[in-house]
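Residues are numbered in our numbering as their position in the sequence shown, beginning at 1, plus a constant of 42.
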Amino acid sequence: MNIEQLKSEIKYRTSRSGGKGGQNVNKLETKVEAVLHVLDSHAFTEEEQETIYKKLAHRISEEGLLSAVNQTERSQLANKILAERKLIILIQNALHKEKIRRATRVPARVVHARIEGKKRLSAKKAERRKPGNQDDAN
43 MNIEQLKSEI KYRTSRSGGK GGQNVNKLET KVEAVLHVLD SHAFTEEEQE TIYKKLAHRI
103 SEEGLLSAVN QTERSQLANK ILAERKLIIL IQNALHKEKI RRATRVPARV VHARIEGKKR
163 LSAKKAERRK PGNQDDAN
């Protein structure tokens, strides 16, 4: 994935942001949506595009657009930077490959230590019992 090329392919949409902000909300378009057409992007290989489509299928529209929205800041520029960052992180997380877990055996000393701990706890609880109550000991 080429991040610089990806940044140049991202398109931005602005709209009026809801919520707090007073008059700023009513007259300025501070909400920013960073949009990327995944299939038209030259920043990815075909394999990466397939992976993104599989992992982010719920976030990609019918037109093939992947988007991230930000409206937390009062300035459009700050929201633009944050929306771009969100989109890039989203793509990086989708392309991250998990390490294959190899099953290993539990070491003998760990098994022994666990059994010894159980024996110590059992002995401690046995000492708490009333004397002469031998039915519980078996």
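From the three backbone atoms N, C-alpha and C, an ideal C-beta is built for every residue, glycine too. Given the structure is predicted, the values throughout are model-derived calculations rather than measurements.
Contiguous alpha helix (DSSP H) elements confined to the region 95–158 occur at 118–137, taking only those with 4 or more residues. Taking the C-beta atoms as reference points, Gln113 is found no nearer than 8 Å to Thr87. Annotated as proximal: Ile52 and Leu78, with beta-carbon spacing under 8 Å. The alpha carbon of Leu132 has as its nearest neighbour, out of Arg101, Ser59, Val74, Gly60, the alpha carbon of Arg101. Our two residues, Tyr95 and Ala136, have alpha carbons roughly 9 Å apart in a direct line. Counting C-beta atoms within 10 angstroms of its own C-beta, Glu75 has 16 or more neighbours from the protein chains shown and is therefore classed as buried. In summary, Val80 is buried, with 16 or more beta-carbon neighbours lying within 10 Å of its beta-carbon over all protein chains present. The bridge partners DSSP lists for Arg55 are Glu75. Here Ser164 is exposed, its C-beta having fewer than 16 other C-beta atoms within 10 Å. Its Cα nearest to that of Gln47, the residue Ser83 stands out among Arg151, Val111, Ser83. Distance from the CA of Pro149 to the CA of Gly159, rounded to the nearest whole angstrom, comes to 16 Å. Around the beta-carbon of Glu126, 16 or more other beta-carbon atoms lie within 10 Å, marking it buried.
Taking the C-beta atoms as reference points, Ala155 is found no nearer than 8 Å to Lys128. With a beta-carbon spacing of about 6 Å, Glu90 and Met43 fall inside the 8 Å limit used to define contacts.
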